[in-house]
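Number 226 marks the last residue of the sequence shown (the UniProt record's numbering); no jumps.
Where a beta carbon is used, it is the ideal one built from N, C-alpha and C, also for glycine.
Worksheet for the structure shown next.
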Amino acid sequence: MRIHVLQHTPNEGPGSIARWSQKHGHEMTVHHPAHFQDVLPKAEDVDFLVILGGPMSPNDDLPWIAEERSLIAQLMAQHKPIFGACYGAQQIAKVIGGEVLDAPYKEVGWAPVKRVSDRIPGLPEKVEALHWHEQMFAIPDQAELLFSTDLVKNQGFVFENLLGLQFHFEPEADNVREMVANDSAYANDAKNALHQTGADILAHGVPSNNQGIMFLLLDYLVDQTN
């Protein structure tokens, strides 16, 4: 399977998604549309699309952001699986008729997410995940809400073979260190409702079950196309 990843900032890479790809013998290619424009993959070359996070908003008026959504729509019409994290989830939400709005609270750090749907077997009722956002998606009725937090209701959704998470299961320990090293000012903001500094985020460590949940979600999306 040809996995194509859209990475939007140097310090938010595929993390355990790359490990999942290697485990299954897939071929993974990472694109950097925010830095190298006009390098998006062609829909016919993609079997599975992954859209990662970034500091931009889907509401920004940039040509490559609109081009990403065009690619998502093409792949959706071809019933190919798509996974989005943070900004990536917001991009998917816009393609299926949703909106991207300012969230009621800025969340940066570790906090539990609650499963609110039984759609995907094997997911725990509650799990600790990394948050790094201050916007959120609003999904249309045909999509199903998958996760929520106490501060922000819209945290994850599933629609056919599309899945978006406002938070992050994919970072491994080195990825978290990279995020904090380069973007700790985003956490050390008085507006952060989780009140965690970069040092707090590092001290917490990555929960041991995050990788397994990430694998489960990716496997689920692949199964929807078989």
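Does DSSP classify residue i as helix, strand or coil?
| i | result |
| --- | --- |
| Q91 | helix |
| L217 | helix |
| N192 | strand |
| S184 | helix |
| T225 | helix |
| E172 | coil |
| E12 | coil |
| G205 | coil |
With C-beta atoms as the reference, is residue i less than 8 Å away from residue j?
| i | j | result |
| --- | --- | --- |
| V152 | A103 | yes |
| A85 | H168 | yes |
| H131 | G109 | yes |
| F137 | V100 | yes |
| I3 | V39 | no |
| Q166 | A89 | yes |
| L6 | M76 | no |
| Q37 | W20 | no |
| P140 | I96 | yes |
| T197 | N209 | no |
| Y87 | H8 | yes |
Classify residue i as buried or exposed, calling it buried when 16 or more other Cβ atoms lie within 10 Å of its own Cβ.
| i | result |
| --- | --- |
| H24 | exposed |
| A42 | One detail in the question is off: residue 42 reads as Lys in this sequence, not Ala. Classification for K42: exposed. |
| H195 | exposed |
| K191 | exposed |
| G122 | exposed |
| E107 | buried |
| T149 | buried |
| P14 | buried |
| F83 | buried |
| G205 | exposed |
| K126 | exposed |
| Q91 | buried |
| A143 | buried |
| S16 | buried |
Per DSSP, residue i forms a beta bridge with which residues?
| i | result |
| --- | --- |
| H4 | T29 and L49 |
For this session: Identify every run of the alpha helix (DSSP H) within the UniProt domain "Glutamine amidotransferase" (17 to 170), keeping only runs that are complete inside it and at least 4 residues long; order them along the chain.
Result: Uninterrupted alpha helix (DSSP H) stretches at least 4 residues long and entirely within the UniProt domain "Glutamine amidotransferase" (17 to 170) occur at 63 to 77 and 87 to 95, given in chain order.
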